[in-house]
Amino acid sequence: MVGVGLIGTGFMGKCHAIAWNAVGTVFPDVEKPRLVHLGEVNDELARRKAGEFGFAKGSGDWRAVVNDPEVDVVSLTTPNQFHPEMAIAILEAGKHLWCEKPMAPSFAEAEAMAEAAKKSGKAAVLGYNYIQNPAIRHIGALLEEKIIGDVNLVRIEMDEDFMADPDALFFWKHEAASGYGALDDFAVHPLSLIEVLFGRVSRVMCDMAKPYADRKVASGGRRAVETYDIASVLMHLENGVAGTLLVNRSAWGRKGRIAIQIFGSKGSILYDQERMNEFQLYLTADRPTEQGYRTILVAPHHKPYDSFLPAPGHGLGFNDLKMIECRELLMRIAGKPARIIDFDEGLEIERTVHAMARSFQEQRWMDVR
Numbered sequence: 001m002v003g004v005g006l007i008g009t010g011f012m013g014k015c016h017a018i019a020w021n022a023v024g025t026v027f028p029d030v031e032k033p034r035l036v037h038l039g040e041v042n043d044e045l046a047r048r049k050a051g052e053f054g055f056a057k058g059s060g061d062w063r064a065v066v067n068d069p070e071v072d073v074v075s076l077t078t079p080n081q082f083h084p085e086m087a088i089a090i091l092e093a094g095k096h097l098w099c100e101k102p103m104a105p106s107f108a109e110a111e112a113m114a115e116a117a118k119k120s121g122k123a124a125v126l127g128y129n130y131i132q133n134p135a136i137r138h139i140g141a142l143l144e145e146k147i148i149g150d151v152n153l154v155r156i157e158m159d160e161d162f163m164a165d166p167d168a169l170f171f172w173k174h175e176a177a178s179g180y181g182a183l184d185d186f187a188v189h190p191l192s193l194i195e196v197l198f199g200r201v202s203r204v205m206c207d208m209a210k211p212y213a214d215r216k217v218a219s220g221g222r223r224a225v226e227t228y229d230i231a232s233v234l235m236h237l238e239n240g241v242a243g244t245l246l247v248n249r250s251a252w253g254r255k256g257r258i259a260i261q262i263f264g265s266k267g268s269i270l271y272d273q274e275r276m277n278e279f280q281l282y283l284t285a286d287r288p289t290e291q292g293y294r295t296i297l298v299a300p301h302h303k304p305y306d307s308f309l310p311a312p313g314h315g316l317g318f319n320d321l322k323m324i325e326c327r328e329l330l331m332r333i334a335g336k337p338a339r340i341i342d343f344d345e346g347l348e349i350e351r352t353v354h355a356m357a358r359s360f361q362e363q364r365w366m367d368v369r
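Counting in the UniProt record's numbering, the sequence shown runs from 1 upward without gaps.
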């Protein structure tokens, strides 16, 4: 039975805990894990969260989780800037690793993490759970079948409004230490979809913007915002497809939108993460009198929806995608084929992000490699 450690208990830490608790119930083809050790910033919080999340013990020192001999795999869900040190320590301790995206604020740190993963021989994967959506999986299958012919353009947008309020206080995601901003905190998710559906990006042209130059500080006064909430990117993919990527963390009214438009020679596919249990399909093969977008609702025949629900149209949620990802990790640990983004593949996403940032800095097209 796999022993699980968890470092960090915020939004994503709780998502990981829910997944670890439920994965064996939803997917009987994997063994139920043991929730062994939880790490937080102090002992009191760690013990309280361990009780809430179902872990046997909690510690105020993350190293205690890493060094626990009963822990086989660690979920790392801390803020981005802490990933490199912690991830490398976890891998060097001989543990498997499930690390939230992005890998690290700098490409050199991400490379060091990937090298540590390679040396360890352990499973090291990243939290790109949107690729697990049964709708996305089926869209991928349709693209393989060339149901819309040869794809010529993919347009993808990601928008949320958690930074839209100009009166909201400055916090850690506004610091340069956290990365570029929307580009690496945010755009990595659409890039994970690009990678699994189409392959790698070859060239980029990027622009970034700050909607608010500074923010109020809780102690008084204001502090300059060091990251960019908005990014717009033109892309060429290695397979010849053209692409655009638009991301915005300050988009009032948008809550969890990843909108994909895929245009081909024989039709198109539309998908929006805010309506994550459906997608639209247009086929030129239809009679002209009936041509139009049809809505496809996710159902049991869109695997692995059937592991959750026996009836179509009832819908999965964000945490369900995390459970699917958890199952894929356990399959990878068991040496079986798995649909998951490992550190090598994640490094390619990081490479693309940093090429985009260089493109903005130098104001020119940039080759990713």
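C-beta: ideal position from N, C-alpha, C; glycine also.
Continuous alpha helix (DSSP H) stretch holding residue i: start and end
i, result
"H236", "Not the alpha helix (DSSP H): H236 falls in the beta strand (DSSP E), residues 230–237."
"V26", "11–26"
"E115", "107–120"
"V30", "Note, V30: premise wrong, no alpha helix (DSSP H); not H, not E."
"R287", "Counting along the chain, R287 falls outside any alpha helix (DSSP H), and DSSP gives it neither H nor E."
"L183", "182–185"
"R63", "62–66"
Host beta strand (DSSP E) of residue i (start-end)
i, result
"R257", "257–264"
"E278", "278–283"
"K216", "214–216"
"A224", "222–224"
Those residues which DSSP pairs with residue i across a bridge
i, result
"W98", "S75, V125"
"A242", "L153, H236"
"L191", "L191 pairs with nothing; no bridge assigned."
"H37", "G5, K57"
"I147", "DSSP output for I147 lists no bridge partner at all."
"I296", "F279"
"R203", "H236, D367"
"I269", "I262, L281"
"L80", "The identity of residue 80 in the sequence shown is Asn, whereas the question assumes Leu. According to DSSP, which records beta bridges pairwise, N80 is partnered with nothing at all."
"N248", "D159, I230"
"residue 390", "The shown model of the chain, from 1 to 369, leaves out residue 390, and the question about it has no answer."
"A209", "I230"
Spatially closest choice to residue i from the options, by CA coordinates
i, options, result
"F162", "T78, I156, R155, A182", "A182"
"A231", "F343, G256, M1, Y180", "Y180"
"S192", "Y293, I18, I349", "I349"
"P312", "A124, L297, G60", "L297"
"E175", "T295, P79, V196", "P79"
"H302", "E290, Q291, L316", "L316"
"D342", "M113, G5, A56", "M113"
"G3", "D43, N42, A56, D29", "A56"
"M276", "H314, E290, H37", "H314"
"V188", "D286, Y130, V23, T25", "Y130"
"G253", "E274, T244, L246", "E274"
"F27", "G346, R364, M331", "M331"
"P190", "V36, D272, M86", "D272"
"M86", "Q363, I333, G5, E226", "G5"
"C1", "V30, Q81, E290", "Here residue 1 is Met; the residue named in the question, Cys, does not match the sequence. It is V30."
"residue 370", "W98, A177, S202", "This structure leaves residue 370 out entirely; the chain is present only between 1 and 369."
"S75", "G39, H138, R223", "G39"
"A117", "E290, R369, E345", "E345"
"I194", "D150, D214, G140, A177", "G140"
"residue 371", "L309, A177, S250, N248", "The shown model of the chain, from 1 to 369, leaves out residue 371, and the question about it has no answer."
"V204", "K14, R351, L142", "R351"
"L169", "A46, L309, T227, K216", "K216"
"F186", "I258, V368, P310, N67", "I258"
"D165", "R137, K146, D214", "D214"
"V196", "T9, R137, L246", "R137"
"K119", "A93, I148, E100, M12", "A93"
"R294", "L270, P33, F308", "L270"
"Q361", "G58, K146, E109, Y228", "Y228"
"R222", "A108, D167, N319", "D167"
"R306", "N42, K173, N133, G13", "In the sequence on display, residue 306 carries Asp and not Arg. Checked all of N42, K173, N133, G13; the closest Cα to D306 is N133."
"V201", "I7, E109, R369, P102", "R369"
"T9", "P33, D43, G24", "D43"
Contact with chain D by residue i, beta-carbon distance below 8 Å
i, result
"L91", "The structure shown has no chain D; it contains just one protein chain."
### Task
Taking only runs that begin and end inside the segment 312–363, name each unbroken alpha helix (DSSP H) of 4 or more residues, in chain order.
318–333, 343–362
### Query
Does the segment 143–159 come close enough to the segment 209–222 that 3 or more CB-CB pairs lie under 8 Å?
no
### Query
Hey, is the segment 44–54 in contact with the segment 351–369, meaning 3+ C-beta pairs nearer than 8 Å?
no
### Message
Contact between the segment 309–327 and the segment 16–30 is defined here as three or more beta-carbon pairs at a separation below 8 Å; is this criterion met?
### Response
yes
### At least three beta-carbon pairs within less than 8 Å, the segment 257–275 to the segment 115–124
no
### Contact the segment 265–284 vs the segment 230–244: 3+ CB pairs below 8 Å
no
### Validate contact between the segment 89–106 and the segment 62–69 using beta carbons, cut 8 Å, 3 pairs
yes
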